[in-house]
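Enquirer:
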Amino acid sequence: MPDSIDATKPPPKSDDASLGEVVEFVKTYAKQETFGPLKGAGSWLAYGAAGAFSLGVGLLVILLGVLRLVQAEISWTNGGAWSWVAYGFTLVVTVILLTLTVLRIKKAYLNKEPLPKKKS
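If you read the sequence shown in the working numbering, its first letter stands for residue 45, the second for the next number, and so on.
1) When DSSP labels each residue in this structure, what does R148 get in the three-state scheme?
2) Taking only three categories from DSSP, how would you classify G123?
3) Please classify G62: does DSSP put it in a helix, a strand, or coil?
4) Only counting the same chain, and skipping five residues up and downstream in sequence, which positions put a Cβ closer than 8 Å to that of A130?
5) If distances are taken between C-alpha atoms only, which option among A74, T145, V70 comes closest to L103?
6) Give me, in chain order, the residues of the same chain whose beta-carbon lies closer than 6 Å to that of S58; leave out the 5 immediate sequence neighbours on both sides.
7) Are the segment 63–73 and the segment 94–108 in contact at 8 Å, needing three or more beta carbon pairs?
In structure tokens:
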């Protein structure tokens with residue numbers, strides 16, 4: 045009778061991993077969790093730098109155009125005591141454009157999870 049009771053016991057588990065396997069699993073996991081996000085960060089930073097450069101060049105061209113427009117169209121800014129007005133006007137336009145640009149920046153994460161939507 046005792047033999048039949050032993051037959052119903054589950055067999056002993058042989059899932060014990062050796063120390064070498066555990067170390068290998070930890071190394072693989074660390075590489076996966078470290079290098080994967082870093083690869084994504086590199087392209088994220090490259091696109092960000094290219095976008096910032098493009099916006100900077102575009103802003104410079106626009107502001108030079110505004111300066112030349114004010115200097116050409118408003119005759120009293122061409123010389124004398126009022127010559128600074130064209131530069132002041134261009135500075136005001138610069139501050140407005142930079143403020144609009146900064147307000148449009150949304151915080152994005154490297155892990156590419158969608159941003160939470162604002163409730164209206």
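Think of the CB as a built atom: it goes at the ideal place given N, C-alpha and C, for glycine as much as any other residue.
Expert: Taking the coordinates as given:
1) coil
2) coil
3) A quick correction: the sequence has Ser, not Gly, at residue 62. DSSP places S62 outside both helix and strand once states are collapsed to three, so it counts as coil.
4) L111, V114, Q115, I118, T121
5) T145
6) Residue placement at S58 cannot be trusted, given a pLDDT of 49 that sits under 50; the coordinates are not used to answer.
7) no
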